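Engineer:
Protein chains: 2
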Amino acid sequence: MRAVVMHAPRDVRVENVDKPVIVEPTDAIIRVTAACICGSDLWPYRGIEEVNGPARMGHEYIGVVDEIGADVRDVAVGDYVVGSFVASDNTCEICEAGFQSRCRDQVMLGSIGTQADYARIPLADGTLVKVPGEPTEAQARSLLAASDVLGTGWFAAVAAEAGPGKTVAVVGDGAVGLLGILAAKRLGAERIIAMSRHADRQALARAFGATDIVEERGEAGIAQIKELTGGYGAHSTIEAVGTQESMLQAIGATRPGGHVGYVGVSHGVELNGLDLFFATVSLLGGPAPVRRFLPELIDLIMTDQIDPGQVFDLTLPIEDAAEGYRAMDERRATKVLLTL
Amino acid sequence: MRAVVMHAPRDVRVENVDKPVIVEPTDAIIRVTAACICGSDLWPYRGIEEVNGPARMGHEYIGVVDEIGADVRDVAVGDYVVGSFVASDNTCEICEAGFQSRCRDQVMLGSIGTQADYARIPLADGTLVKVPGEPTEAQARSLLAASDVLGTGWFAAVAAEAGPGKTVAVVGDGAVGLLGILAAKRLGAERIIAMSRHADRQALARAFGATDIVEERGEAGIAQIKELTGGYGAHSTIEAVGTQESMLQAIGATRPGGHVGYVGVSHGVELNGLDLFFATVSLLGGPAPVRRFLPELIDLIMTDQIDPGQVFDLTLPIEDAAEGYRAMDERRATKVLLTL
Numbered sequence: 073m074r075a076v077v078m079h080a081p082r083d084v085r086v087e088n089v090d091k092p093v094i095v096e097p098t099d100a101i102i103r104v105t106a107a108c109i110c111g112s113d114l115w116p117y118r119g120i121e122e123v124n125g126p127a128r129m130g131h132e133y134i135g136v137v138d139e140i141g142a143d144v145r146d147v148a149v150g151d152y153v154v155g156s157f158v159a160s161d162n163t164c165e166i167c168e169a170g171f172q173s174r175c176r177d178q179v180m181l182g183s184i185g186t187q188a189d190y191a192r193i194p195l196a197d198g199t200l201v202k203v204p205g206e207p208t209e210a211q212a213r214s215l216l217a218a219s220d221v222l223g224t225g226w227f228a229a230v231a232a233e234a235g236p237g238k239t240v241a242v243v244g245d246g247a248v249g250l251l252g253i254l255a256a257k258r259l260g261a262e263r264i265i266a267m268s269r270h271a272d273r274q275a276l277a278r279a280f281g282a283t284d285i286v287e288e289r290g291e292a293g294i295a296q297i298k299e300l301t302g303g304y305g306a307h308s309t310i311e312a313v314g315t316q317e318s319m320l321q322a323i324g325a326t327r328p329g330g331h332v333g334y335v336g337v338s339h340g341v342e343l344n345g346l347d348l349f350f351a352t353v354s355l356l357g358g359p360a361p362v363r364r365f366l367p368e369l370i371d372l373i374m375t376d377q378i379d380p381g382q383v384f385d386l387t388l389p390i391e392d393a394a395e396g397y398r399a400m401d402e403r404r405a406t407k408v409l410l411t412l
Numbered sequence: 073m074r075a076v077v078m079h080a081p082r083d084v085r086v087e088n089v090d091k092p093v094i095v096e097p098t099d100a101i102i103r104v105t106a107a108c109i110c111g112s113d114l115w116p117y118r119g120i121e122e123v124n125g126p127a128r129m130g131h132e133y134i135g136v137v138d139e140i141g142a143d144v145r146d147v148a149v150g151d152y153v154v155g156s157f158v159a160s161d162n163t164c165e166i167c168e169a170g171f172q173s174r175c176r177d178q179v180m181l182g183s184i185g186t187q188a189d190y191a192r193i194p195l196a197d198g199t200l201v202k203v204p205g206e207p208t209e210a211q212a213r214s215l216l217a218a219s220d221v222l223g224t225g226w227f228a229a230v231a232a233e234a235g236p237g238k239t240v241a242v243v244g245d246g247a248v249g250l251l252g253i254l255a256a257k258r259l260g261a262e263r264i265i266a267m268s269r270h271a272d273r274q275a276l277a278r279a280f281g282a283t284d285i286v287e288e289r290g291e292a293g294i295a296q297i298k299e300l301t302g303g304y305g306a307h308s309t310i311e312a313v314g315t316q317e318s319m320l321q322a323i324g325a326t327r328p329g330g331h332v333g334y335v336g337v338s339h340g341v342e343l344n345g346l347d348l349f350f351a352t353v354s355l356l357g358g359p360a361p362v363r364r365f366l367p368e369l370i371d372l373i374m375t376d377q378i379d380p381g382q383v384f385d386l387t388l389p390i391e392d393a394a395e396g397y398r399a400m401d402e403r404r405a406t407k408v409l410l411t412l
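Chains as they are written, first to last, in the numbering used here: chain W, 73 to 412; chain U, 73 to 412.
1. Counting only the same chain and skipping the five closest in sequence on each side, list residues whose C-beta sits under 6 Å from that of A230 of chain U.
2. If A256 of chain W sits next to G293 of chain W, beta carbons under 8 Å apart, how far is it from one beta carbon to the other, in whole angstroms?
3. Could you list which residues in chain U have their beta carbon closer than 8 Å to that of F157 of chain W, in chain order?
4. Taking contact to mean at least 3 C-beta pairs separated by less than 8 Å, is the segment 260-275 of chain U in contact with the segment 227-241 of chain U?
5. Identify which residue in W:F350, W:A360, W:A188, W:L346 has its Cα closest to the Cα of Y334 of chain W.
6. So, using beta-carbon positions, are Y304 of chain W and I166 of chain U closer together than 9 Å?
7. Counting pairs of beta carbons, one from the segment 107-125 of chain W and one from the segment 323-333 of chain W, are three or more of them closer than 8 Å?
8. How would you label T375 of chain W, buried or exposed, when you count the other beta carbons within 10 angstroms and need 16 or more for buried?
9. Could you name the residues of the same chain whose beta carbon sits closer than 7 Å to that of A142 of chain U, not counting the 5 residues immediately before and after it, in chain order?
10. How would you label I310 of chain W, buried or exposed, when you count the other beta carbons within 10 angstroms and need 16 or more for buried?
11. Within 9 Å (strictly less), CB to CB, does G340 of chain W reach chain U?
12. Going residue by residue through the segment 141-204 of chain U, where are the continuous beta strand (DSSP E) segments of at least 3 residues, counting only ones entirely within it?
13. Kindly list, in the order they appear in chain U, the residues whose Cβ is closer than 7 Å to that of P328 of chain W.
14. How far does the beta strand (DSSP E) with G482 of chain U in it reach, from first residue to last?
15. Using the DSSP secondary-structure output, state which residues sit across from M267 of chain U in a beta bridge.
16. Buried or exposed: D220 of chain W, going by 16 or more other Cβ atoms within 10 Å of its Cβ?
17. V362 of chain U and S156 of chain U look like a contact to me (Cβ under 8 Å); what is the Cβ gap, rounded to whole Å?
18. Which residues, in chain order, does the segment 349-365 of chain U contribute to contact with chain W at a C-beta distance below 9 Å?
19. With DSSP run on the structure shown, which of helix, strand or coil describes P389 of chain U?
20. If I101 of chain W and R192 of chain W are in contact, beta carbons under 8 Å, what's the gap, nearest whole angstrom?
21. Does DSSP classify I94 of chain U as helix, strand or coil?
22. My assumption, with CB atoms under 8 Å, is that S354 of chain W sits in contact with L355 of chain U. Please give the rounded CB distance.
23. V337 of chain W CB to nearest chain U CB: under 9 Å?
24. Counting only Cβ pairs nearer than 7 Å, list the residues of chain W close to M319 of chain U.
25. Using a Cβ cut-off of 9 Å (strictly closer), state whether Q274 of chain W contacts chain U.
26. When the distance is taken between beta carbons, is V154 of chain U closer than 9 Å to A218 of chain U?
27. In angstroms, rounded to a whole number, what distance separates the CA positions of T283 of chain U and A241 of chain U?
28. For Y152 of chain U, which residues in chain W fall below 9 Å Cβ to Cβ?
29. Between the alpha carbons of V84 of chain W and Q382 of chain W, how many angstroms are there, rounded?
30. Below 7 Å on C-beta distance, what does Y304 of chain U contact in chain W?
31. In the DSSP assignment, find the unbroken alpha helix (DSSP H) run with R213 of chain W in it and report its ends.
32. Kindly indicate which residue of U:V286, U:Y117, U:V137, U:G396 has the alpha-carbon position closest to the one of S268 of chain U.
33. Taking 6 Å as the limit between beta carbons, can you name the residues of its chain near G324 of chain U, skipping five residues before and five after?
34. Using only alpha-carbon positions, find the residue among U:T199, U:V137, U:R145 that is nearest to F365 of chain U.
35. So what does DSSP say about V341 of chain W, is it helix, strand or coil?
36. Tell me the residue span of the beta strand (DSSP E) that contains T309 of chain W.
Here's what the structure looks like:
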């Protein structure tokens, strides 16, 4: 079968590899119908994160169950399914508390690679959620978004306690930040300030529910947010980048007593304890427990209440995966969908 | 009048200074009936924090209103009052959200100095809370605790989301940590694990509601907490020290999806973003908004439902303030009350 493999920074190839097989009785094999390239895949692509030898890529996926292990009960061959980028048992205390991304038995799908014709999904019953009916093409794109970027933006908005009466600031205008805007809107936020300096992304931000755009960054951006909020800062801030600058921008943009939901994978971030102490904001972030939100997101998508699939602005056959990585690296695309 | 002045590390004197006067029409002057020495006063005493010339000391107080400014409406001369260590207007959006310690118009009482016969309290209407009736001596001690250490421990427990069904770990066995235990107990926590290696403090921890004691620190302490919690870690952790070790111990002791309430003033703390990301815990801390809790705490104290005054294990007349600082520095006392 075909699979995307990264050999070194900027060296992405589509290769012929063995089809995966059931290893544990709780596994399922799915035929991937669409996968995508994640902003986090750019860290190794750009050489900021180490590439460990030839590495299989991809952790987002939708597909059809092709085979199940002996202990799988809740999904069946032929089911159309969505899962998160972390396999979870969905029964341990951490999962029960809604933090499936940190399940006691978690398996990161990135270590398996879903940019491929087939993928082995561990802990299938806990991980996969069956889609009711047959999705349209637009719905399928949105379901793929739910697998990571939508679920991550949603978690960020929930962690930031976006809701009625709240002003939400969003740092980062990639797919996750944009879908954090969509989430904040659905959660009832009164005002949503997108921090973005790219016209196309500003347009999508507004389409998803942003009421204001701030182009400034750093201290100037923080000053703008304060000016828009009576000097106080945002109640809720979504951080969807993962750099030192973006974290400090997010914390600085938030009023005391407010909440920062941070989901950009941290790269080189160091937070000074005393600054954090006097910021007096709640910080919650990490790998998003997408599984918590999947049933609700699937319902919103299959009833056409949200259209997060709009974040995909480039669709390529998997053979052209290398071009997909280049396009995202060069910011010619926000989010690339790979068809199989 | 008498006032405590720190001239340099370990150089604390009681001096004769001018009685304060009303400066703003929103000020009140109170006759301080008791003050105390705070763990945070030890940072400059030990030379870890700079002493800015001869500095007036103290930010905790109970007393009787002696004089009010022209705009003061809610307290009157003769009222017995408690206030927090931060003066706040209690009307701005930050105060309304319960974060009075970060009030838009905040004044730190530490800059005024309450280890003195009289103290000027800015924003008297927003800051001072009238005590109903005349407190007994024991109640007066507890009210003094409410002014900072109890309010701070309470905030830490609330920030850590201590409550029914929760296992709470407490890092730090000073007055704030001990009163964090009392708060967690009152908030309904099922299990409270005190991290302490001092027999006298362990005894008080148990008296306040601790169900378990862990003497180990650092990684060994974290391992103990995990062993006591089915491998998961605590749901809620109170951090009441402020060092790098104590912060990492608190974060490490908390399960993913759990909450850390940190109130130890940070000294040299640097948090790695990626470690924090994968810890996936909520962090909330800072100077405690004691004012939020004062009405409830005063009620609990005046109806003898709680006795936080037990943390004072040394009572001295203000003339002996220097000995009080020494006793706390040398850990001969947990918390020193100064009578006036």
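For every residue, glycine included, the Cβ atom is placed at its ideal position computed from N, Cα and C.
Computed from a predicted structure; not experimentally measured.
Structural biologist: In short, the structure shows the following:
1. Residue 230 of chain U sits at position 158 when you count from the first residue of the second sequence. Going by the sequence as given, residue 230 of chain U is Val instead of Ala. Answer for V230 of chain U: no residue qualifies.
2. Sequence index remark: in the first sequence, residue 256 of chain W carries index 184 (1-based). Sequence index remark: in the first sequence, residue 293 of chain W carries index 221 (1-based). In fact, because the Cβ distance is near 18 Å, the residues do not count as touching under 8 Å.
3. Sequence index remark: in the first sequence, residue 157 of chain W carries index 85 (1-based). Per Cβ cutoff of 8 Å: no residues; F157 of chain W is ~14 Å from chain U at best.
4. In short, these stretches touch, since the Cβ pair count reaches three.
5. If you number the first sequence from 1, residue 334 of chain W lands on position 262. Nearest C-alpha to Y334 of chain W: W:A360.
6. Translated into positions along the first sequence, residue 304 of chain W becomes position 232. Translated into positions along the second sequence, residue 166 of chain U becomes position 94. Cβ atoms of Y304 of chain W and I166 of chain U: closer than 9 Å.
7. No, they do not touch.
8. Position 303 of the first sequence, counting from 1, holds the residue named residue 375 of chain W. By the neighbour-count rule (16 or more Cβ atoms within 10 Å), T375 of chain W is not buried but exposed.
9. For the purposes of this step, residue 142 of chain U is taken as residue 70 along the second sequence, with counting starting at 1. Excluding residues up to 5 positions away in sequence, P97 lie with their Cβ nearer than 7 Å to the Cβ of A142 of chain U in the same chain.
10. Residue numbering aside, residue 310 of chain W sits at position 238 when the first sequence is read from its first letter. Counting Cβ neighbours within 10 Å, I310 of chain W comes out buried, since at least 16 surround it.
11. Against the first sequence, residue 340 of chain W aligns to sequence position 268. Output row for G340 of chain W: interface = yes.
12. Taking only runs of at least 3 residues, the beta strand (DSSP E) segments lying wholly in the segment 141-204 of chain U are 152-155, 190-193, 200-202.
13. Locating residue 328 of chain W in the first sequence gives position 256, where the first residue counts as 1. Among the residues of chain U, those whose CB is under 7 Å from the CB of P328 of chain W are I166, F171, R174, following chain order.
14. Since the first residue shown for chain U is 73 and the last is 412, residue 482 of chain U is missing from the structure and cannot be characterised.
15. On the second sequence, position 195 is the one that residue 267 of chain U refers to. Beta-bridge annotation (DSSP): M267 of chain U is paired with U:V243, U:V286.
16. If you number the first sequence from 1, residue 220 of chain W lands on position 148. Taking all protein chains in view, the Cβ of D220 of chain W is crowded by 16 or more other Cβ atoms within 10 Å, so the residue is classified as buried.
17. Translated into the one-based positions of the second sequence, residue 362 of chain U becomes position 290. Translated into the one-based positions of the second sequence, residue 156 of chain U becomes position 84. The beta carbons of V362 of chain U and S156 of chain U sit about 4 Å from each other, so the pair counts as a contact at 8 Å.
18. Near chain W, meaning a CB-to-CB distance below 9 Å, the residues of the segment 349-365 of chain U are F349, F350, A351, T352, V353, S354, L355, L356, G357, G358, P359, P361.
19. Against the second sequence, residue 389 of chain U aligns to sequence position 317. Note: P389 of chain U maps to strand in three-state DSSP.
20. In the first sequence, residue 101 of chain W corresponds to position 29, counting from 1. In the first sequence, residue 192 of chain W corresponds to position 120, counting from 1. Rounded, the Cβ-Cβ distance is 6 Å, consistent with contact.
21. As a position in the second sequence, residue 94 of chain U is number 22, starting the count at 1. Correct three-state label for I94 of chain U: coil.
22. Taking the first residue of the first sequence as 1, we reach residue 354 of chain W at position 282. Taking the first residue of the second sequence as 1, we reach residue 355 of chain U at position 283. About 7 Å; that satisfies the 8 Å criterion.
23. Counted from its first residue, the first sequence places residue 337 of chain W at position 265. Output row for V337 of chain W: interface = yes.
24. In the second sequence, counting from the first residue as 1, residue 319 of chain U sits at position 247. Residues of chain W passing the Cβ test: G345.
25. Residue numbering aside, residue 274 of chain W sits at position 202 when the first sequence is read from its first letter. So no, Q274 of chain W is outside the interface.
26. Locating residue 218 of chain U in the second sequence gives position 146, counting from the first residue. Locating residue 154 of chain U in the second sequence gives position 82, counting from the first residue. Taking 9 Å as the cut-off, the Cβ atoms of A218 of chain U and V154 of chain U count as close.
27. The residue labelled residue 283 of chain U in the question sits at position 211 within the second sequence. The residue labelled residue 241 of chain U in the question sits at position 169 within the second sequence. Approximately 10 Å between the Cα atoms of the pair.
28. One-based indexing of the second sequence puts residue 152 of chain U at position 80. Result: empty, since nearest Cβ-Cβ is about 30 Å, beyond 9 Å.
29. As a working note, residue 84 of chain W is residue 12 in the first sequence. As a working note, residue 382 of chain W is residue 310 in the first sequence. A straight-line Cα-Cα distance of about 25 Å links V84 of chain W and Q382 of chain W.
30. Stepping through the second sequence from its first residue, residue 304 of chain U is reached at position 232. In chain order: E165, I166.
31. Reading the first sequence from its first residue, position 141 is the one you call residue 213 of chain W. 209-218 is the extent of the alpha helix (DSSP H) around R213 of chain W.
32. Translated into the one-based positions of the second sequence, residue 268 of chain U becomes position 196. Answer by Cα proximity: U:V286.
33. Taking the first residue of the second sequence as position 1, residue 324 of chain U is located at position 252. Within the same chain, G324 of chain U has close Cβ partners I294.
34. Locating residue 365 of chain U in the second sequence gives position 293, where the first residue counts as 1. If we check each option's Cα against that of F365 of chain U, U:T199 comes out closest.
35. Position 269 of the first sequence holds residue 341 of chain W. It is coil, neither helix nor strand.
36. The count along the first sequence starts at 1 and reaches residue 309 of chain W at position 237. Per DSSP, T309 of chain W belongs to the beta strand (DSSP E) from 306-311.
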